[in-house]
Amino acid sequence: MVSKIMNKKYEKGLSLIESAMVLALAATVTAGVMFYYQSASDSNKSQNAISEVMSATSAINGLYIGQTSYSGLDSTILLNTSAIPDNYKDTTNKK
Numbered sequence: 002m003v004s005k006i007m008n009k010k011y012e013k014g015l016s017l018i019e020s021a022m023v024l025a026l027a028a029t030v031t032a033g034v035m036f037y038y039q040s041a042s043d044s045n046k047s048q049n050a051i052s053e054v055m056s057a058t059s060a061i062n063g064l065y066i067g068q069t070s071y072s073g074l075d076s077t078i079l080l081n082t083s084a085i086p087d088n089y090k091d092t093t094n095k096k
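For the sequence shown, the positions run 2 to 96 when this note's numbering is used.
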């Protein structure tokens with residue numbers, strides 16, 4: 002009878018191996034979530050960049066809609082219009 006009580010006393014809680022397995026599983030899940038978050042974030046940034054480039058292309062085409070070529074296209078003209086998004090403009094060097 003005493004040995005049963007002693008065995009129950011020592012069997013409480015998690016063993017070191019079980020604790021290590023739980024921590025390893027938690028680390029694996031966390032790494033997977035971070036990987037997919039980074040992938041989704043990169044995809045979102047790429048989509049935003051593509052959208053801005055397409056918008057700039059459309060705006061530039063709108064500026065030169067009646068002309069046969071883009072002759073006379075100047076960076077100052079594009080900077081003074083809204084064809085190029087502000088985050089692509091170099092305001093210090095006016096480029």
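Note that CB positions come from ideal geometry on N, CA and C, so glycine has one too.
Contact set for residue i: own chain, Cβ-Cβ below 6 Å, skip 5 residues either direction
i   : result
A1  : The shown model of the chain, from 2 to 96, leaves out residue 1, and the question about it has no answer.
E53 : P86
Residue i to residue j span [Cα, whole Å]
i   : j   : result
T29 : M35 : 10 Å
Y37 : A25 : 19 Å
I51 : S16 : 53 Å
G14 : T31 : 24 Å
K46 : S59 : 20 Å
Y71 : T93 : 26 Å
T82 : G33 : 44 Å
Candidates the options: closest to residue i by CA position
i    : options               : result
I61  : S52, S16 and L74      : L74
Y89  : N49, T69, Q68 and Y65 : N49
L80  : N45, V23, M22 and L64 : L64
T105 : G67, T69 and D91      : Here the chain comprises residues numbered 2 to 96, so residue 105 is not present and cannot be evaluated.
Close-in-space but distant-in-sequence residues of the same chain around residue i (CB under 7 Å, 5 per side omitted)
i   : result
E19 : none
V23 : none
Start and end residues, alpha helix (DSSP H) containing residue i
i   : result
L80 : S76 to N81
* **Secondary structure, alpha helix (DSSP H): runs of 4+ residues fully inside the segment 14-66** => 17-64
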